[in-house]
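Asker:
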Amino acid sequence: RSILEFDISELPPGSTLISAILHLYYWALGGKDPLGKTIWAYKLTRTNWVELEATWNIYKTGSNWTAAGGDYVTSTPSGGSTIVPAEYGWMTWNVLAITQDAYDSEIAAEFLIKFETEGVPYEEYSAMLFRSGDYTTDPDLQPKLVIDYAVAPPIVGRSFGYIMG
Numbered sequence: 016r017s018i019l020e021f022d023i024s025e026l027p028p029g030s031t032l033i034s035a036i037l038h039l040y041y042w043a044l045g046g047k048d049p050l051g052k053t054i055w056a057y058k059l060t061r062t063n064w065v066e067l068e069a070t071w072n073i074y075k076t077g078s079n080w081t082a083a084g085g086d087y088v089t090s091t092p093s094g095g096s097t098i099v100p101a102e103y104g105w106m107t108w109n110v111l112a113i114t115q116d117a118y119d120s121e122i123a124a125e126f127l128i129k130f131e132t133e134g135v136p137y138e139e140y141s142a143m144l145f146r147s148g149d150y151t152t153d154p155d156l157q158p159k160l161v162i163d164y165a166v167a168p169p170i171v172g173r174s175f176g177y178i179m180g
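Position in the sequence shown (from 1) plus 15 gives the number in the working numbering.
#1: In the DSSP assignment, what are the bridge partners of Trp40?
#2: How long is the line joining the alpha carbons of Ile162 and Gly95, rounded to whole angstroms?
#3: With DSSP as the reference, label Tyr74 as helix, strand or coil.
#4: Out of Pro27, Val135, Glu20, which one is the CA nearest neighbour of His38?
#5: First and last residue of the beta strand (DSSP E) that includes Thr53?
#6: Look at the alpha carbon of Glu102 and the alpha carbon of Tyr41, and state the distance between them as a whole number of angstroms.
#7: For Arg16, which residues of its own chain have a beta-carbon under 7 angstroms away from its beta-carbon, when the five flanking residues on both sides are left out?
#8: As a quick exercise: from Tyr137, Gln115, Asp149, Pro154, pick the residue whose alpha carbon is nearest that of Leu32.
#9: Taking all protein chains shown into account, decide if Trp80 is buried (16 or more other Cβ within 10 angstroms of its Cβ) or exposed.
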């Protein structure tokens, strides 16, 4: 599983989100080739995790996830799914519902990425590696959240004044 956070606080207030696409660069695999498997992006519900401390069991030193592997929801908001391609490269997820929820709540957009089916026998085990935000060899391969939005037009008022005196 992978967890990600994107600061979306610079989106203008009152904007209408049109689309939100999460882009991760798939560059290696471990175990059995995951070709054709479904991968989900869900809303991560724990917002105070620490990047260099989070593991399968803890979200920060001394603090356990509610459930091992990370705390997330599969609906409200709904996640987005994609299928593992035959070649390494960019993979995308439609995460508009999760991003809209974060925008409406004025929090960062946080995601947990996981295989649809987990707990398979060892010989069926697959692992995928994605470039991370600290991959500096080619920063263009770092995770991206691409948001298309429309800014609400200003409200133009009309006024009439009459002064007697």
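C-beta atoms are modelled at their ideal positions from N, C-alpha and C, and glycine is treated no differently.
Answerer: Short version:
#1: Locating residue 40 in the sequence shown gives position 25, counting from the first residue. Sequence check: residue 40 is Tyr here, not Trp. Under DSSP, Tyr40 shares a beta bridge with Trp105.
#2: On the sequence shown, position 147 is the one that residue 162 refers to. On the sequence shown, position 80 is the one that residue 95 refers to. Taking C-alpha positions only, Ile162 is separated from Gly95 by approximately 15 angstroms.
#3: Residue numbering aside, residue 74 sits at position 59 when the sequence shown is read from its first letter. The answer is strand: DSSP assigns Tyr74 an E or B state.
#4: In the sequence shown, counting from the first residue as 1, residue 38 sits at position 23. Per the Cα distances, Glu20.
#5: Position 38 of the sequence shown holds residue 53. Segment 53-59, the beta strand (DSSP E) holding Thr53.
#6: Position 87 of the sequence shown, counted from the start, is the residue given in the question as residue 102. Position 26 of the sequence shown, counted from the start, is the residue given in the question as residue 41. Cα-Cα distance, rounded: 9 angstroms.
#7: To locate residue 16, count along the sequence shown from 1; it is residue 1. Cβ neighbours of Arg16 within its own chain (closer than 7 angstroms, five residues either side excluded): Gly84, Gly85, Leu127, Ile128, Lys129.
#8: Within the sequence shown, numbered from 1, the residue matching residue 32 stands at position 17. Comparing Cα positions, the closest option is Gln115.
#9: Mapped onto the sequence shown, residue 80 falls at position 65. When all chains shown are included, Trp80 counts as buried.
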